[in-house]
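Chemist: One structure coming up, written as structure tokens, with questions to follow.
Residue numbers (the working numbering): 22 to 422.
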């Protein structure tokens, strides 16, 4: 007999059921934690204005709450240092305003030591984007509360694990081209890529790249004149990266940005880049991939199978996944699966698709199963807040199929 509220993925690669969390939620966040993934926070309201949650749960057994956040909140972000068994939930907001709170988890338990509970973001921020490579967690941008106003934050907070296991907070220079929100961000092998989003001038095609040494003591932004741009101005996009350690076929790491939304005047300037529009709103199917070392744009020929914004991205092995999102006339259940193992050698990127059990946007995603399985949790659609938990089992390599 199957447990209640089971969800199956319908896909060409495989399927595995997971139970739903006890409470439907949107604007939650999650990250890998050893063999599982931990998701936490969010809101029971689709607009993140009430019903703030402090629950944290294990994706391998989503019916069981493993711990609680120190503050119930939504609009938070998370990332992990998988090799260190450390995960953080950072920022967000509750009914009192924006938060600088940082919660440290070790496996499935919140670290309540003095060293962990004194950590805080450099500003009170929500809707930031966190990402990580093997050594550093980065928390970028988002709306920042300044007294009674809100600005687009340019801060980057960095976290590493010291020799004694303590989580250390390191200083990083602010983004040189200004603050941004609803952007994409991905970190891989000592580089942080921040692209697109909305800045003080509107929707952006700018990419900012931070190079960091493994100790975190040296963090330098690349000059703008040697940094590429996205193929078009867009916001509410997703980003993901592939490392050479996870994909031996790569000569250097790859970072990709996908989807997003814009307005008619943006689409008019980039009419060939897969935009579809209704009224003043447009959504994009563009996929822009770059060599993380050289900054060179890669000619993958890829596009999303369905134009959309408010999607999520994950990199695993030699494949990048982009899932869910908001379309012009509803919500997407598509998981686009792109195999990039051959693109740096002049080969073709390979594409297929899977499906979420329920179409939705503003969902959370993380890797589980020791980094081999993709888990997609929560979100929202036309019926409100979603309680679905979906897993797409790996491996996803398509080169031999």
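We put the beta carbon where it would ideally sit given N, CA and C, even for glycine.
#1: The alpha helix (DSSP H) with residue 138 in it runs from where to where?
#2: Between the stretch 217-224 and the stretch 295-302, do three or more beta carbon pairs fall short of 8 Å?
#3: Rounded to whole angstroms, what is the Cα-Cα separation between residue 39 and residue 310?
#4: Nearest CA to the CA of residue 413: which residue from 163, 398, 363?
#5: Report the residue ranges of all beta strand (DSSP E) runs contained in full by the stretch 334-414; include only those spanning at least 3 residues, in chain order.
#6: Applying the criterion that 16 or more other CB atoms from any shown protein chain within 10 Å of the CB defines a buried residue, is residue 167 buried or exposed?
#7: At 4 residues or longer, and completely inside the stretch 241-328: list those alpha helix (DSSP H) runs for me, N to C.
#8: List the residues that DSSP assigns as beta-bridge partners of residue 95.
#9: At what residues does the beta strand (DSSP E) containing residue 146 begin and finish?
#10: If you measure between the beta carbons of residue 203 and residue 218, is that distance less than 8 Å?
#11: Can you tell me whether residue 245 is buried or exposed, with buried defined as 16 or more other CB within 10 angstroms of its CB?
#12: Got a sec? Which residues, its chain only, sit under 7 Å from residue 81 by beta carbon, not counting five neighbours each side?
#13: Which class does residue 176 belong to by DSSP, given the choice of helix, strand or coil?
#14: How many whole angstroms separate the CB atoms of residue 67 and residue 406, which I take to be in contact at a CB cut-off of 8 Å?
#15: Quick one: residues in its chain with C-beta nearer than 8 Å to the C-beta of residue 271, no 5 flanking neighbours on either side, listed in chain order?
#16: State the Cα-Cα distance for the pair residue 415 and residue 394, rounded to the nearest angstrom.
#17: Going straight from the alpha carbon of residue 177 to that of residue 233, what length do you get?
#18: In whole angstroms, give me the CA-to-CA distance for residue 106 and residue 285.
#19: Any idea what DSSP makes of residue 80, helix, strand or coil?
#20: Beta carbon of residue 311: closer than 7 Å to some heavy atom of the ligand MN?
#21: Determine whether the beta carbon atoms of residue 142 and residue 115 lie at a separation below 8 Å.
#22: Can you tell me whether residue 238 is buried or exposed, with buried defined as 16 or more other CB within 10 angstroms of its CB?
#23: Note down, in chain order, each residue of its chain lying with its Cβ closer than 8 Å to the Cβ of residue 348, except the 5 sequence neighbours on either side.
#24: With a cut-off of 8 Å on the beta carbons, I'd call residue 384 and residue 400 a contact; round off their distance for me.
#25: From what residue to what residue does the beta strand (DSSP E) around residue 165 run?
#26: Who are the Cβ neighbours of residue 45 in its own chain at under 8 Å, not counting the five residues just before and after it?
#27: Let me make sure I understand the geometry here. Which of 69, 95, 50 has the alpha-carbon closest to that of residue 78?
Modeler: From the atom records:
#1: The residue given as residue 138 occupies position 117 in the chain shown. Its alpha helix (DSSP H) spans residues 135-138.
#2: no
#3: Indexing the chain shown from 1 puts residue 39 at position 18. Indexing the chain shown from 1 puts residue 310 at position 289. Because the pLDDT of residue 39 is 48, which lies under 50, any placement of that residue in the model is unreliable, and the number read from its coordinates should be weighed accordingly. Computed Cα separation, rounded: 32 Å.
#4: Counting from one through the chain shown, the residue named residue 413 turns up at place 392. Answer by Cα proximity: 398.
#5: 340-344, 355-360, 371-376, 385-389, 394-398, 410-413
#6: Counting from 1 along the chain shown, the entry for residue 167 is found at position 146. Label assigned to residue 167: exposed.
#7: 285-290
#8: Position 74 of the chain shown, counted from the first residue, corresponds to residue 95. According to DSSP, residue 95 bridges with 114.
#9: Here residue 146 refers to the residue found at position 125 when the chain shown is read from its first residue. It spans 141-147 - the beta strand (DSSP E) in which residue 146 sits, taken as one unbroken run.
#10: Along the chain shown, one-based indexing puts residue 203 at 182. Along the chain shown, one-based indexing puts residue 218 at 197. Yes, the pair counts as a contact, with Cβ atoms nearer than the cut-off.
#11: Reading the chain shown from its first residue, position 224 is the one you call residue 245. By the neighbour-count definition (other C-beta atoms within 10 Å, threshold 16), residue 245 is an exposed residue.
#12: Walking along the chain shown from the start, residue 81 turns up at place 60. These residues qualify, in order along the chain: 57, 389.
#13: On the chain shown, position 155 is the one that residue 176 refers to. Looking at residue 176 - three-state DSSP - the assignment turns out to be coil, as it is neither helix nor strand.
#14: Position 46 of the chain shown, counted from the start, is the residue given in the question as residue 67. Position 385 of the chain shown, counted from the start, is the residue given in the question as residue 406. The beta carbons of residue 67 and residue 406 sit about 5 Å from each other, so the pair counts as a contact at 8 Å.
#15: Residue 271 sits at position 250 when you count from the first residue of the chain shown. Within the same chain, residue 271 has close Cβ partners 263, 264, 265, 339, 361, 362, 365.
#16: Along the chain shown, read from residue 1 onward, the residue named residue 415 stands at position 394. Along the chain shown, read from residue 1 onward, the residue named residue 394 stands at position 373. Between residue 415 and residue 394, the C-alpha separation is close to 5 Å.
#17: Position 156 of the chain shown, counting from 1, holds the residue named residue 177. Position 212 of the chain shown, counting from 1, holds the residue named residue 233. Looking at the two C-alpha atoms, the distance is approximately 12 Å.
#18: Along the chain shown, one-based indexing puts residue 106 at 85. Along the chain shown, one-based indexing puts residue 285 at 264. The straight-line gap from Cα to Cα measures roughly 45 Å.
#19: Here the question's residue 80 lines up with position 59 in the chain shown. Of the three classes helix, strand and coil, the one that applies to residue 80 here is helix, per DSSP.
#20: Although the ligand MN was asked about, the structure shown includes no ligands whatsoever.
#21: Residue mapping note: residue 142 aligns to position 121 of the chain shown, counting from 1. Residue mapping note: residue 115 aligns to position 94 of the chain shown, counting from 1. Not in contact: residue 142 and residue 115 (Cβ atoms no closer than 8 Å).
#22: If you number the chain shown from 1, residue 238 lands on position 217. It is exposed - the Cβ of residue 238 has fewer than 16 other Cβ atoms within 10 Å.
#23: On the chain shown, residue 348 is found 327 positions in, with the first residue counted as 1. Excluding sequence neighbours, residue 348 sits near 304, 327, 328, 329.
#24: Taking the chain shown and counting its residues from 1, one reaches residue 384 at position 363. Taking the chain shown and counting its residues from 1, one reaches residue 400 at position 379. Between residue 400 and residue 384 the Cβ distance is about 3 Å, and since that is below 8 Å, they are a contact.
#25: Here residue 165 refers to the residue found at position 144 of the chain shown. Per DSSP, residue 165 belongs to the beta strand (DSSP E) from 164-167.
#26: The count along the chain shown starts at 1 and reaches residue 45 at position 24. Correct list, in chain order: 65, 399, 405, 406, 407, 408.
#27: Against the chain shown, residue 78 aligns to sequence position 57. The shortest Cα separation from residue 78 among 69, 95, 50 belongs to 50.
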